[in-house]
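**Student:** Each residue of the sequence shown is one higher than the one before, counting from 96 in our numbering. Backbone N, C-alpha and C define an ideal beta-carbon position, used for all residues, glycine too. Note that this is a predicted model, so its numbers are computed, not measured.
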Amino acid sequence: MKFLLLPSITILILVLNHNIRKNKNRDEHSVKSYLSREDAANSTRRKDLSNLPYIEVPLNTLPLDITLNDEKKQLRISQYIKEIYALSEKQMLNLIGISNTELKEQYGPANLEILTTYDMNYSRYIRNLHLLAECIYPEYPKQAVAVWEYCLSIGTDISGTFGALAQHYADKQDKEHFMKLYDSIPDKETISGKTILNKLDSFTGQFTQQ
Numbered sequence: 096m097k098f099l100l101l102p103s104i105t106i107l108i109l110v111l112n113h114n115i116r117k118n119k120n121r122d123e124h125s126v127k128s129y130l131s132r133e134d135a136a137n138s139t140r141r142k143d144l145s146n147l148p149y150i151e152v153p154l155n156t157l158p159l160d161i162t163l164n165d166e167k168k169q170l171r172i173s174q175y176i177k178e179i180y181a182l183s184e185k186q187m188l189n190l191i192g193i194s195n196t197e198l199k200e201q202y203g204p205a206n207l208e209i210l211t212t213y214d215m216n217y218s219r220y221i222r223n224l225h226l227l228a229e230c231i232y233p234e235y236p237k238q239a240v241a242v243w244e245y246c247l248s249i250g251t252d253i254s255g256t257f258g259a260l261a262q263h264y265a266d267k268q269d270k271e272h273f274m275k276l277y278d279s280i281p282d283k284e285t286i287s288g289k290t291i292l293n294k295l296d297s298f299t300g301q302f303t304q305q
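Dropping the structure here:
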């Protein structure tokens with residue numbers, strides 16, 4: 096067994112050394128720049144968070160009183176709805192694409208933990224909304240689409256939400272709304288943004304030429 100492991104370990108070390116040499120200058124610059132920026136960020140004073148764009152749950156317009164014929168799905172949406180109500184009482188911020196260093200630079204390191212909590216609340220919120228819409232779509236497509244579109248309006252980066260709307264628009268041959276999905280991607284350069292782009296591109300062939 097030892098004889099089998101040695102060649103693999105040797106190859107791994109060679110690959111790592113090659114990559115280290117290849118990116119040494121760039122990495123050294125990146126590390127120094129990062130450490131310098133982190134040091135400055137950690138010295139930032141605590142800022143007031145009261146005027147940030149907190150997300151409020153529109154309880155009066157979300158379809159939270161729906162009853163499904165599918166009992167299993169009804170049990171599932173009951174959990175999603177319960178979670179949405181709980182989150183409606185918490186602070187939520189969409190901090191997608193903002194790094195911890197940037198948060199500390201803007202609001203001070205003392206606020207990092209609470210801002211992370213607000214961001215996690217937002218992530219849970221859009222996730223539960225997406226799952227709710229996914230469950231109710233077969234029986235209530237109009238309401239489901241409205242939930243997904245609302246998710247876009249508050250900056251979701253859940254690829255499943257984009258995919259579900261893309262499929263709906265493709266089925267309806269609604270190319271106008273489909274094309275607007277591209278404009279709703281929060282950041283096309285991130286991994287999630289590129290995933291969404293690829294997903295949307297896969298639907299373009301489903302539209303008939305006009």
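1) What's the C-alpha gap between residue 157 and residue 287?
2) Report the option in 246, 196, 237 and 200 whose CA atom is closest to the CA atom of residue 219.
3) Just to confirm the assignment, what range does the alpha helix (DSSP H) spanning residue 258 have?
4) Can you tell me whether DSSP reads residue 214 as helix, strand or coil?
5) In whole angstroms, what is the alpha-carbon distance linking residue 252 and residue 277?
6) Buried or exposed for residue 199, please, with buried defined as at least 16 other CB atoms from any protein chain shown within 10 angstroms of its CB.
7) Name the residue from 180, 205 and 125 whose alpha carbon lies nearest to the alpha carbon of residue 139.
8) Just checking, does the segment 223 to 234 make contact with the segment 164 to 183 on the three C-beta pairs under 8 Å criterion?
9) For residue 268, collect the residues of the same chain with a Cβ closer than 7 Å to its Cβ; drop the 5 residues on either side in sequence, then sort them by chain order.
10) Taking the straight line between their C-alpha atoms, what separation do you get for residue 207 and residue 192?
11) Could you spell out where the alpha helix (DSSP H) holding residue 185 opens and where it closes?
**Tutor:** Here's the rundown:
1) 26 Å
2) 246
3) 254 to 266
4) helix
5) 12 Å
6) buried
7) 205
8) yes
9) 302 and 303
10) 15 Å
11) No alpha helix (DSSP H) contains residue 185, which DSSP labels as neither H nor E.
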